[in-house]
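What follows is a set of notes on a single structure, which appears directly below.
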Amino acid sequence: MPVLVMKFGGTSVATLDRIKRAAKRVGVEVAKGYDVIVIVSAMSGETNKLVGFVGETSPLYDAREYDAVVSSGENVTAGLMALTLQEMDVPARSWQGWQVPVKTTSAHSSARIEEIPTDNIMAKFGEGMKVAVVAGFQGVSPEGRITTLGRGGSDTTAVAFAAAFGAERCDIYTDVDGVYTTDPRVTDKARKLDKIAFEEMLELASLGAKVLQTRSVELAMRYKVRLRVLSSFEEQSDEAGTLVCAEEEIMESNVVAGVAFSRDEAKMTLISVADRPGIAAAIFSPLAEAGVNVDMIVQNISEEGRTDMTFSCPVDQVARAEQAMEAAKAAGDINFHDLVADTNVAKVSIVGIGMRSHAGVAAKMFETLRDEGVNIKVITTSEIKVSVLIDRKYMELAVQSLHDAFGLETAA
1 MPVLVMKFGG TSVATLDRIK RAAKRVGVEV AKGYDVIVIV SAMSGETNKL
51 VGFVGETSPL YDAREYDAVV SSGENVTAGL MALTLQEMDV PARSWQGWQV
101 PVKTTSAHSS ARIEEIPTDN IMAKFGEGMK VAVVAGFQGV SPEGRITTLG
151 RGGSDTTAVA FAAAFGAERC DIYTDVDGVY TTDPRVTDKA RKLDKIAFEE
201 MLELASLGAK VLQTRSVELA MRYKVRLRVL SSFEEQSDEA GTLVCAEEEI
251 MESNVVAGVA FSRDEAKMTL ISVADRPGIA AAIFSPLAEA GVNVDMIVQN
301 ISEEGRTDMT FSCPVDQVAR AEQAMEAAKA AGDINFHDLV ADTNVAKVSI
351 VGIGMRSHAG VAAKMFETLR DEGVNIKVIT TSEIKVSVLI DRKYMELAVQ
401 SLHDAFGLET AA
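Given below as C-alpha cells:
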C-alpha cells in the first residue's frame, strides 16, 4: 500500500473533539487505500506547562531529565489518537520514539535525527495495522535515553518519516490553511499560494514566517519530500492548502513569492575596531560561543586603520552579545571604542526564485521604501532574497507597500 504521512500540530489536537476531527481526516485517507503514519504534537499549551514544571523544580536542570518530562505530552496525544481511531474501527497503534526507533544524536533538547528504521512499523502494516500514530518531537539517543528535537520538532519528525518510508506526500495540518504571500494580519491583500518552491519556503521560514519549522523544510528539500500545508479546521479538497515542492513542479510564478518580516530584531554596531586580518573571526567567534544568532553583517569602509562592524541578532540576545563583546575586549582579543545597540528595528525581506532571472528587483524594493519615507539601515542579499533592516514603527507600512508594489495579491 502507498504510505501517507499526516502531522497534526498542537492546536489541531488541543481537545478531545479536535482529536476526533483529526481522526476523521485520517479515516478518509485510510479509505482511499493508504497506510498512514500520523505524527502528533502535544496538546496545545502542554509543552509550555511541562517546561515550566522543569524550571520550577530544577533551575539548573539535567538535560536528560528535561527531555524525559517535556516529551511526555506527545505520548498522551498519540495514545488518545490511537484510541479514537480504534473506536472508529480503524486498526491503529501508538508508537513512542524509542519504539520505532527514531535514532538521534545525544544532544538533549536539540537532537538531530540520524536514522529511522522502517522494519517495525512496516511489519505491523503487513499484519493489518492501517495507522501508526507516532509521538512527534522525540527520539532515542545511542545511550538509550529519550531525546527531543527542539521546539517545533514534530514538523521535522513528519518529514523524516516521509523520507524514510518513501511516502507519497507529507501533509502538515495546522491552524492556517496554507502559506500566504505575507501575514494576512498585516495586509488583507495577502493571498494563499497554491504552490511554493522548497527554496522559497526555506527562506520564508528562516526569515520569520512561522508556518513550518526551518529544519523540516531543509529536510524536505534534501529528500524531495512533497509537503502540503493545510488547515485542520476547514473542509478539505484534494487541492486544499499549499504544496511545497521542487521548483520544476511550478509552471509559472511571480518574481517575488512573498514578503517576510521579523519584529524582534536588534542592530548592534562596534564602533572603531581595528581593520586587520582576523578581526571578523575575533568578533564573531565569541558571539557564536555565547549562542548569539547573528544574521545580517555589514563592515564599513576603513579609515586610518579603523572600521565599524554592524550586525543584527534577535532582540532577546542583545545582553548576551554585549557580555561576549566586553569579555573579548577585556581579554585583549578586540579593541573597540563603543558598542551601540538599537533594539527598535525590524527586518523585512522579499523572497522569490524569479529573482535569479529578473533584474531590478532590489531597485524596485528600495524605490518603494523611499517613496514611503522608510529609511534603510542595513541591506543583505542572496540569490533569491533581499532583506533590509528598518525602524520597527515602519514595519507594517513597508510590508504592505512591498506587497502592493510586486502585485502579490494576484497570481502570475
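Residue numbering for the sequence shown follows UniProt numbering, starting at 1 and increasing by one per position.
Here a beta-carbon is modelled for each residue, glycine too, at the ideal position from N, C-alpha and C.
Here the structure is a predicted model, which is why all the values come from computation and not from measurement.
#1: Near residue 298, what residues of its chain come up, given a Cβ to Cβ distance below 7 Å and the 5 sequence neighbours on each side ignored?
#2: Keeping to the same chain, check which residues put their C-beta closer than 8 Å to that of residue 25; ignore five residues upstream and five downstream.
#3: Do you know how far the Cα of residue 260 is from the Cα of residue 300?
#4: Return the Cβ separation of residue 201 and residue 244 in integer angstroms, given the expectation that the two are a contact with Cβ distance under 8 Å.
#5: Is the separation between the beta-carbon of residue 70 and that of residue 133 shorter than 7 Å?
#6: So what's residue 261 in DSSP terms, helix, strand or just coil?
#7: Flag this pair as touching only if the region 276-295 and the region 360-373 have three or more C-beta atom pairs under 8 Å; answer yes or no.
#8: For a quick check, are the C-beta atoms of residue 54 and residue 13 less than 7 Å apart?
#9: How big is the Cα-Cα spacing for residue 81 and residue 52?
#10: Do the CB positions of residue 90 and residue 30 come within less than 7 Å of each other?
#11: Might you give, ordered along the chain, the residues of its own chain that have their beta carbon closer than 7 Å to the beta carbon of residue 345, omitting 5 neighbours on each side?
#12: Could you give the first and the last residue of the continuous beta strand (DSSP E) run that contains residue 227?
#13: The beta strand (DSSP E) spanning residue 306 covers which residue range?
#14: Considering only residues of the region 170-233, which uninterrupted alpha helix (DSSP H) runs meet the minimum length of 4 residues and lie entirely inside it, listed in chain order?
#15: Considering only residues of the region 98-159, which uninterrupted beta strand (DSSP E) runs meet the minimum length of 3 residues and lie entirely inside it, listed in chain order?
#16: Within this structure, are the beta carbons of residue 148 and residue 137 separated by less than 7 Å?
#17: Can you look up residue 242 in the DSSP assignment and give me helix, strand or coil?
#18: Check residue 383 in the structure and name its three-state DSSP category.
#19: When DSSP labels each residue in this structure, what does residue 165 get in the three-state scheme?
#20: May I ask you to list the residues that DSSP assigns as paired with residue 415?
#21: When you measure from the CB of residue 336 to every non-hydrogen atom of the ligand SAH, does any distance come out below 6 Å?
#22: Give the secondary structure of residue 371 by DSSP, where H, G and I count as helix, E and B as strand, and everything else as coil.
#23: Go to residue 96, then tell me how far its alpha helix (DSSP H) extends in each direction, as first and last residue.
#24: Tell me the rounded alpha-carbon separation between residue 113 and residue 385.
#25: Using the Cα positions of residue 350 and residue 277, report the straight-line distance between them to the nearest angstrom.
#26: Between residue 395 and residue 401, what straight-line distance do the alpha-carbon atoms span, to the nearest angstrom?
#27: Mind checking which residues open and close the beta strand (DSSP E) that includes residue 342?
#28: Using the Cα positions of residue 47 and residue 68, report the straight-line distance between them to the nearest angstrom.
#29: Based on the DSSP output, what are the partners of residue 8 in its beta bridges?
#30: Quick check: the Cα distance between residue 84 and residue 116, rounded to an integer number of angstroms?
#31: Would you identify the three-state DSSP class for residue 391, choosing helix, strand or coil?
#32: Secondary structure at residue 35, three-state DSSP: helix, strand or coil?
#33: Exposed or buried, residue 60, counting other C-beta atoms within 10 Å across all chains shown (16 or more means buried)?
#34: Is residue 337 near residue 271, with beta carbons less than 7 Å apart?
#35: Start and end of the alpha helix (DSSP H) containing residue 76?
#36: Find out if the Cβ-Cβ distance for the pair residue 88, residue 27 is shorter than 7 Å.
Once the coordinates are examined:
#1: Here residue 298 is taken as the residue at index 298 of the sequence shown, counted from 1. Around residue 298, the same chain offers 310, 378 as residues with beta carbons nearer than 7 Å, after the five sequence neighbours per side are excluded.
#2: For the purposes of this step, residue 25 is taken as the residue at position 25 of the sequence shown. Excluding sequence neighbours, residue 25 sits near 6, 173, 232, 236.
#3: Along the sequence shown, read from residue 1 onward, the residue named residue 300 stands at position 300. Along the sequence shown, read from residue 1 onward, the residue named residue 260 stands at position 260. Rounded to whole angstroms, residue 300 to residue 260 spans 26 Å at the Cα level.
#4: Taking the first residue of the sequence shown as 1, we reach residue 201 at position 201. Taking the first residue of the sequence shown as 1, we reach residue 244 at position 244. Yes, they are in contact, since the Cβ atoms of residue 201 and residue 244 sit about 5 Å apart, within 8 Å.
#5: If you number the sequence shown from 1, residue 70 lands on position 70. If you number the sequence shown from 1, residue 133 lands on position 133. No.
#6: For the purposes of this step, residue 261 is identified with residue 261 of the sequence shown, where counting begins at 1. In the structure shown, residue 261 sits in a strand (DSSP, three-state: E or B).
#7: no
#8: Within the sequence shown, numbered from 1, the residue matching residue 54 stands at position 54. Within the sequence shown, numbered from 1, the residue matching residue 13 stands at position 13. No; because the gap between Cβ atoms is not below 7 Å, this pair is not in contact.
#9: Taking the sequence shown and counting its residues from 1, one reaches residue 81 at position 81. Taking the sequence shown and counting its residues from 1, one reaches residue 52 at position 52. Those two C-alpha atoms are separated by around 25 Å.
#10: Within the sequence shown, numbered from 1, the residue matching residue 90 stands at position 90. Within the sequence shown, numbered from 1, the residue matching residue 30 stands at position 30. Yes, Cβ-Cβ distance for residue 90 and residue 30 is below 7 Å.
#11: As a first step, residue 345 is located in the sequence shown; it is residue number 345 there, counting from the start. Only residues of its own chain outside the window of five on either side were considered, and among them 265, 266, 267, 377, 389, 390, 391, 392 have a CB closer than 7 Å to the CB of residue 345, listed in chain order.
#12: The residue labelled residue 227 in the question sits at position 227 within the sequence shown. Residues 227-231.
#13: On the sequence shown, residue 306 is found 306 positions in, with the first residue counted as 1. That run of the beta strand (DSSP E) goes 306-314.
#14: With a minimum length of 4 residues, the continuous alpha helix (DSSP H) runs that stay inside the region 170-233 are 198-206, 214-223.
#15: 113-115, 131-135, 138-140, 146-148
#16: The sequence position of residue 148 within the sequence shown is 148, counting from 1. The sequence position of residue 137 within the sequence shown is 137, counting from 1. For residue 148 and residue 137, yes; Cβs fall inside 7 Å.
#17: Here the question's residue 242 lines up with position 242 in the sequence shown. In the structure shown, residue 242 sits in a strand (DSSP, three-state: E or B).
#18: Against the sequence shown, residue 383 aligns to sequence position 383. Three-state DSSP puts residue 383 in coil, outside helix and strand.
#19: Counting from 1 along the sequence shown, the entry for residue 165 is found at position 165. Coil at residue 165, not helix or strand.
#20: Residue 415 lies beyond the range of the chain shown here (1 to 412); nothing can be said about it.
#21: Absence of the ligand SAH is noted for the structure shown, with no ligands found whatsoever.
#22: Taking the sequence shown and counting its residues from 1, one reaches residue 371 at position 371. Helix at residue 371.
#23: Counted from its first residue, the sequence shown places residue 96 at position 96. Unbroken run through residue 96: none, as it is neither H nor E.
#24: Indexing the sequence shown from 1 puts residue 113 at position 113. Indexing the sequence shown from 1 puts residue 385 at position 385. Rounded to the nearest angstrom, the two C-alpha atoms are 29 Å apart.
#25: If you number the sequence shown from 1, residue 350 lands on position 350. If you number the sequence shown from 1, residue 277 lands on position 277. Roughly 33 Å between the two C-alpha positions.
#26: For the purposes of this step, residue 395 is identified with residue 395 of the sequence shown, where counting begins at 1. For the purposes of this step, residue 401 is identified with residue 401 of the sequence shown, where counting begins at 1. Roughly 10 Å between the two C-alpha positions.
#27: The count along the sequence shown starts at 1 and reaches residue 342 at position 342. Residues 338-351.
#28: Along the sequence shown, read from residue 1 onward, the residue named residue 47 stands at position 47. Along the sequence shown, read from residue 1 onward, the residue named residue 68 stands at position 68. For residue 47 and residue 68, the distance between alpha carbons rounds to 12 Å.
#29: Here residue 8 is taken as the residue at index 8 of the sequence shown, counted from 1. According to DSSP, residue 8 bridges with 40, 173.
#30: Here the question's residue 84 lines up with position 84 in the sequence shown. Here the question's residue 116 lines up with position 116 in the sequence shown. Taking the CA atoms as reference points, residue 84 sits about 26 Å from residue 116.
#31: Stepping through the sequence shown from its first residue, residue 391 is reached at position 391. Note: residue 391 maps to strand in three-state DSSP.
#32: Numbered from 1 along the sequence shown, position 35 holds the residue referred to as residue 35. Of the three classes helix, strand and coil, the one that applies to residue 35 here is strand, per DSSP.
#33: Here residue 60 refers to the residue found at position 60 of the sequence shown. Label assigned to residue 60: exposed.
#34: Locating residue 337 in the sequence shown gives position 337, where the first residue counts as 1. Locating residue 271 in the sequence shown gives position 271, where the first residue counts as 1. Yes.
#35: Within the sequence shown, numbered from 1, the residue matching residue 76 stands at position 76. Annotation for residue 76: the continuous alpha helix (DSSP H) segment containing it runs 72-87.
#36: Counting from 1 along the sequence shown, the entry for residue 88 is found at position 88. Counting from 1 along the sequence shown, the entry for residue 27 is found at position 27. The Cβ atoms of residue 88 and residue 27 lie closer than 7 Å to each other.
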